[in-house]
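Remarks on the structure that follows.
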Amino acid sequence: MIMLKRFLFPSKPDGTFISVILLTVRVVFGILMMNHGIDKWANYQELSTVFPDPLGIGSPLSLGLAIFGELACSMAFITGFLYRLAMIPMIFTMCVAFFVVHGSDPFAVKELAFVYLVVFVLMYIIGPGKFAVDRWISKSLSRK
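Numbering-wise, the sequence shown is residues 469 to 612 according to my numbering.
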């Protein structure tokens with residue numbers, strides 16, 4: 469009965485079972501987001517002239533920031549390195565995609581950005597769990 473209660477109603481996100489789930493979510497959604505960044509990076513020359521510029525900073529810089537948020541920050545998200553700091557550009561990128569770039573589009577067009585946004589906000593709130601580089605760094609520093 470106690471095991472069932474722990475499974476159904478976990479009290480903290482630092483348990484092993486919950487941490488494995490959080491790691492799985494980080495890997496799955498991180499890789500999915502990385503694929504978008506890799507695609508943009510591979511087609512940088514073609515995209516840099518036509519990429520949306522919702523912030524008014526120029527298409528090449530907007531594209532570069534999107535690549536950073538989708539590729540570099542996804543790697544940090546997966547490994548749990550500078551976890552919450554890395555998630556800020558990811559959340560910002562999805563907010564811009566959902567509310568600005570696809571703001572007037574039908575929901576079916578902007579649905580993917582919304583799904584990423586919800587997952588990233590929830591993961592930001594919950595934290596990376598105990599299988600994260602930040603956790604190992606913190607433990608190492610606290611021993612010294």
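Ideal Cβ placement from N, Cα and C applies to all residues, glycine included.
These figures come from a predicted structure and were not determined experimentally.
Selection from the options that minimises the alpha carbon distance to residue i
| i | options | result |
| --- | --- | --- |
| residue 547 | 583, 518, 496 and 610 | 496 |
| residue 489 | 612, 611, 610 and 600 | 600 |
| residue 581 | 500, 491, 487 and 493 | 500 |
| residue 524 | 590, 587 and 568 | 568 |
| residue 592 | 512, 515, 575 and 549 | 549 |
| residue 493 | 609, 516 and 595 | 595 |
Residue i - containing alpha helix (DSSP H), residue span
| i | result |
| --- | --- |
| residue 485 | 484 to 510 |
Same chain only: Cβ atoms within 6 Å of residue i, ignoring 5 sequence neighbours per side
| i | result |
| --- | --- |
| residue 449 | One cannot answer for residue 449 here, as it falls past the ends of the chain, which runs 469 to 612. |
| residue 522 | 564, 568 and 569 |
| residue 602 | 548 and 551 |
| residue 498 | 542, 545 and 546 |
| residue 504 | 538 |
Sequence-distant residues of its chain with Cβ nearer than 7 Å to residue i (five each side left out)
| i | result |
| --- | --- |
| residue 412 | This structure cannot settle anything about residue 412, because the visible part of the chain is limited to 469 through 612. |
| residue 423 | Nothing can be reported for residue 423: it is not among the residues displayed for the chain, which extend from 469 to 612. |
Inset, instruction - Could you tell me whether the segment 535 to 545 touches the segment 553 to 562, where touching means 3 or more Cβ pairs closer than 8 Å? - result: yes
Inset, instruction - Tell me the start and end of each unbroken beta strand (DSSP E) in the segment 564 to 610 that is at least 3 residues and wholly inside, in chain order. - result: none
Inset, instruction - Count the CB pairs spanning the segment 563 to 572 and the segment 517 to 534 that are closer than 8 Å, and state whether there are at least three. - result: yes
Inset, instruction - Go through the segment 513 to 540 residue by residue and report every complete run of the beta strand (DSSP E) that reaches 3 residues or more, in order. - result: none
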